[in-house]
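Heads up: the sequence shown begins at 1 in UniProt numbering, then just goes up one per residue.
First comes the structure, then the notes that go with it.
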Amino acid sequence: MLVHIYLSIYLSIYLSIYIYISNSIHIYLSIYLSIYLSQEYSFFCTPTRHRQEFVCGRVAIIMSDPIKVLVTGAAGQIAYSLLFSVAKGDVFGTKQPLILVLLDIEPMMGVLEGVVMELADCALPLVKEIIPTSDVGVAFKDIDVAMLVGAMPRREGMERKDLLAANVKIFQAQGKALNEFAKKTVKVVVVGNPANTNALICMKYAPNIPPENFSALTRLDQNRAQHQIAARCGVGSQDVKNVIIWGNHSSTQFPDVAHATVNLPTGPKPVREAIDNDVYLKEDFLKTVQQRGAAVIKARKMSSAMSAAKAICDHVRDWWNGVPDGTFVSMAVCSDGSYGVEKGLIYSFPVATKPDHSYQIVQGLSIDDFARSKMDATMAELIEERDTALSVCA
Numbered sequence: 001m002l003v004h005i006y007l008s009i010y011l012s013i014y015l016s017i018y019i020y021i022s023n024s025i026h027i028y029l030s031i032y033l034s035i036y037l038s039q040e041y042s043f044f045c046t047p048t049r050h051r052q053e054f055v056c057g058r059v060a061i062i063m064s065d066p067i068k069v070l071v072t073g074a075a076g077q078i079a080y081s082l083l084f085s086v087a088k089g090d091v092f093g094t095k096q097p098l099i100l101v102l103l104d105i106e107p108m109m110g111v112l113e114g115v116v117m118e119l120a121d122c123a124l125p126l127v128k129e130i131i132p133t134s135d136v137g138v139a140f141k142d143i144d145v146a147m148l149v150g151a152m153p154r155r156e157g158m159e160r161k162d163l164l165a166a167n168v169k170i171f172q173a174q175g176k177a178l179n180e181f182a183k184k185t186v187k188v189v190v191v192g193n194p195a196n197t198n199a200l201i202c203m204k205y206a207p208n209i210p211p212e213n214f215s216a217l218t219r220l221d222q223n224r225a226q227h228q229i230a231a232r233c234g235v236g237s238q239d240v241k242n243v244i245i246w247g248n249h250s251s252t253q254f255p256d257v258a259h260a261t262v263n264l265p266t267g268p269k270p271v272r273e274a275i276d277n278d279v280y281l282k283e284d285f286l287k288t289v290q291q292r293g294a295a296v297i298k299a300r301k302m303s304s305a306m307s308a309a310k311a312i313c314d315h316v317r318d319w320w321n322g323v324p325d326g327t328f329v330s331m332a333v334c335s336d337g338s339y340g341v342e343k344g345l346i347y348s349f350p351v352a353t354k355p356d357h358s359y360q361i362v363q364g365l366s367i368d369d370f371a372r373s374k375m376d377a378t379m380a381e382l383i384e385e386r387d388t389a390l391s392v393c394a
């Protein structure tokens with residue numbers, strides 16, 4: 001009798017252990033299979049850029065393959081502020097490894113060596129390789145993103161059109177290099193001034209790359225405008241959204257708040273209603289934003305660097321990752337004729353960006369007579385710049 005009791009207890013314990021182990025195996029096997037299938041077969045789930053692995057009973061995220069990011073003018077002051085932010089994940093995310101390609105002219109190679117040493121000394125985990133070079137063939141080879149910063153800088157008293165003769169040849173050559181060496185999916189942002197027209201020249205000399213892959217930086221102007229509105233309303237810049245920069249990155253640009261909103265302590269409100277001063281919005285506000293670059297140069301005897309670097313990060317981050325529905329940002333892109341802008345110009349529009357690195361020009365926004373006149377004036381300047389630049393390239 002006692003033997004039967006002990007045997008029953010033993011069998012119960014054995015069966016419990018067996019069931020527990022069996023269930024655990026099934027659970028672990030199910031998890032493993034779900035990970036394996038989602039990793040290997042895209043029709044089972046939405047694919048992601050990150051692979052997963054079952055390690056020591058836990059799911060571990062394996063970083064995706066590195067993307068190759070080119071920064072030109074890499075020994076300059078804008079790049080010095082830009083590179084750290086890119087390298088630590090502020091632009092492409094903290095799970096995206098990077099190969100950084102740093103291009104500058106041969107006389108700057110000594111300075112660039114110091115920049116490379118500093119990046120290495122940051123010990124940033126996302127940076128898998130740094131390639132400093134003065135060779136465009138090396139620099140543009142198979143790149144995923146090009147941040148074209150290098151150009152003759154604007155000096156006090158200069159307008160951007162004054163830089164055309166000096167800089168247009170640089171961007172003609174870089175357009176050819178993009179066409180010959182870069183991936184055809186490369187995303188290009190031109191920062192060197194005059195940025196819109198330099199981007200147009202780049203695009204013209206890279207016919208194998210889709211026009212929608214080229215852009216020029218007007219995010220700095222948007223950020224400047226947002227700050228002015230936020231300061232006027234007594235809120236943070238992040239509380240102002242959908243400010244538009246139309247046209248050229250120059251003193252003819254049109255900062256437009258007609259479709260912008262501001263989050264006040266009492267709730268969201270249209271900016272024009274919150275400011276309640278159209279004279280300010282049409283005069284002092286416009287002049288402050290349009291002339292901000294010149295004001296910075298006058299004060300520090302050099303052009304904007306820190307704020308330009310931040311704007312480049314914002315521009316590329318939003319283009320690469322997308323923005324929330326209902327939000328749009330300003331990018332100078334190839335005009336498709338929207339809002340009466342001549343096709344083919346690189347003109348700043350409000351765009352909605354998507355996680356697949358695409359964008360669409362926001363349609364259907366109302367344009368009053370004041371806005372129309374400003375938009376036409378900046379378009380006229382861009383047409384004049386384009387014609388001058390093309391004559392230089394001829």
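A virtual CB, placed ideally from N, CA and C, is assigned to each residue, including glycine.
Delimiting residues of the beta strand (DSSP E) encompassing residue i
| i | result |
| --- | --- |
| Gln360 | Tyr359 to Ile361 |
| Tyr347 | Ile346 to Thr353 |
| Leu102 | Leu98 to Leu103 |
| Ser335 | Neither: Ser335 is in no beta strand (DSSP E) and is coded neither H nor E. |
| Ile67 | Ile67 to Thr72 |
| Lys187 | Lys187 to Val190 |
9 Å Cβ cutoff met for residue i and residue j
| i | j | result |
| --- | --- | --- |
| Leu124 | Leu102 | no |
| Asn167 | Lys187 | no |
| Ala151 | Asp104 | no |
| Val115 | Pro132 | yes |
| Pro255 | Ala225 | yes |
| Val145 | Lys68 | yes |
| Leu112 | Ala87 | no |
Candidates the options: closest to residue i by CA position
| i | options | result |
| --- | --- | --- |
| Glu129 | Thr378, Met379 and Leu100 | Leu100 |
| Ala308 | Gln96, Lys68, Ala166 and Val189 | Val189 |
| Gly322 | His357, Leu345, Ser304 and Val341 | His357 |
| Asp221 | Thr94, Ile312 and Ile367 | Ile312 |
| Met147 | Met375, Lys310 and Leu382 | Lys310 |
| Asp314 | Ser338, Met302, Asp325 and Ser330 | Ser330 |
| Asn242 | Ala352, Lys298 and Lys183 | Ala352 |
| Pro265 | Ala274, His259 and Glu385 | Ala274 |
| Asn193 | Ser348, Ile297, Pro132 and Leu217 | Leu217 |
| Lys282 | Lys176, Gly73 and Gln253 | Gln253 |
| Ala173 | Arg155, Ala199 and Leu382 | Ala199 |
| Asp142 | Lys184, Met109 and Gly175 | Lys184 |
| Ala139 | Ala299, Leu345, Ser251 and Gly175 | Gly175 |
| Pro211 | Leu382, Tyr359 and Asp318 | Tyr359 |
| Leu70 | Ser304, Leu98 and Ala294 | Leu98 |
| Ser237 | Thr261, Gln77 and Lys68 | Thr261 |
| Ser373 | Asn223, Trp246, Asp325 and Leu365 | Trp246 |
| Asn248 | Ala377, Ala305 and Gly337 | Ala377 |
| Val333 | Trp320, Phe349, Trp319 and Asp325 | Phe349 |
| Met355 | Met117, Gln77 and Trp319 | Before going on, a small fix: residue 355 reads as Pro here, not Met. Comparing Cα positions, the closest option is Trp319. |
| Glu384 | Asn196, Thr327 and Cys122 | Asn196 |
| Phe181 | Ile209, Ala380, Arg155 and Val362 | Ile209 |
| Tyr80 | Phe328, Met117 and Asp369 | Met117 |
| Ala380 | Asn277, Ile244 and Ser251 | Ser251 |
Heavy atom of the ligand MG within 8 Å of residue i beta-carbon
| i | result |
| --- | --- |
| Asn248 | In the structure on display, the ligand MG does not appear, and there are no ligands present to speak of. |
Range of the contiguous alpha helix (DSSP H) that encloses residue i
| i | result |
| --- | --- |
| Ala216 | It is not in any alpha helix (DSSP H) - Ala216 instead sits in the beta strand (DSSP E) that spans Phe214 to Ala216. |
| Ser391 | Asp369 to Cys393 |
| Thr197 | Ala195 to Lys204 |
| Ile78 | Gln77 to Ala87 |
| Gln226 | Arg219 to Cys233 |
Open item on the list: Threshold first: 4 residues or longer. Then list the alpha helix (DSSP H) segments lying entirely within the segment 242-307, N to C.
Closed with: Listed in chain order, they are 271-275, 278-282, 284-290 and 292-300.
inquiry  = Please give me, in chain order, every unbroken run of the alpha helix (DSSP H) with length at least 4 that falls completely inside the segment 109-164.
reply    = 109-121 and 136-139
inquiry  = Counting beta carbon pairs with one atom in the segment 226-233 and one in the segment 334-341, are three or more of them shorter than 8 Å?
reply    = With the cut-off at 8 Å, the segment 334-341 and the segment 226-233 do not touch.
- May I ask you to verify whether the segment 282-293 touches the segment 203-218, counting CB pairs closer than 8 Å and requiring at least 3? Judged by Cβ distances under 8 Å, the segment 282-293 makes no contact with the segment 203-218, as fewer than three pairs qualify.
Item to complete: Check whether the segment 381-394 touches the segment 168-178, taking contact to mean three or more Cβ pairs, one atom from each stretch, closer than 8 Å.
Response: yes
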